[in-house]
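One structure is given here, and the rest of the page talks about it.
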Amino acid sequence: MAHDEVLAQRLHDLLDGEPGVTSRRMFGGLGFMVDGHMAVAAGSSGALMVRADPADAARWVDGAAVAPMRMRGRPMAGWLLVDTAALADDAALATWVDRAVAFVRTLPPEPSP
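For the sequence shown, the working numbering assigns the number 263 to the last residue and increments by one with no breaks.
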């Protein structure tokens, strides 16, 4: 399944001009990298994948619109899935993007290939 093109464009619009941002197709989605670290992605399920500080991620999970991300049935620490219904307006999307970018900016830059 392909990613949500509308969500991908909204992410692109929010991240346009942000230093160190690139995008890459991966796992059926479109990931947005900051200094080589994936921050957010328009996932193949239609949800927004968000990178979060593992120490903060649990408090943002609400059991409905925001859930821990799972891969092959296992939870992925520091990753959340945000349902598109929770991203109806640009302010809500910007909140999640800002959280993700702020966290990945605390990580050392990935070495260039």
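Every residue, glycine too, gets a C-beta built ideally from N, C-alpha and C.
Using only alpha-carbon positions, find the residue among Val211, Gly181, Met188, His153 that is nearest to Pro258. Met188
Which of the three DSSP states, helix, strand or coil, is assigned to Phe182? strand
Compute the Euclidean distance between the alpha carbons of Val200 and Phe182, then round it to the nearest angstrom. 10 Å
Give me, in chain order, the residues of the same chain whose beta-carbon lies closer than 7 Å to that of His153; leave out the 5 immediate sequence neighbours on both sides. Gly178, Gly179, Leu180, Ala192, Gly193, Ser194
Excluding the 5 residues flanking Val247 on each side, which residues of the same chain have their C-beta closer than 6 Å to its C-beta? Closer than 6 Å at Cβ, skipping near neighbours: Leu164, Val190.
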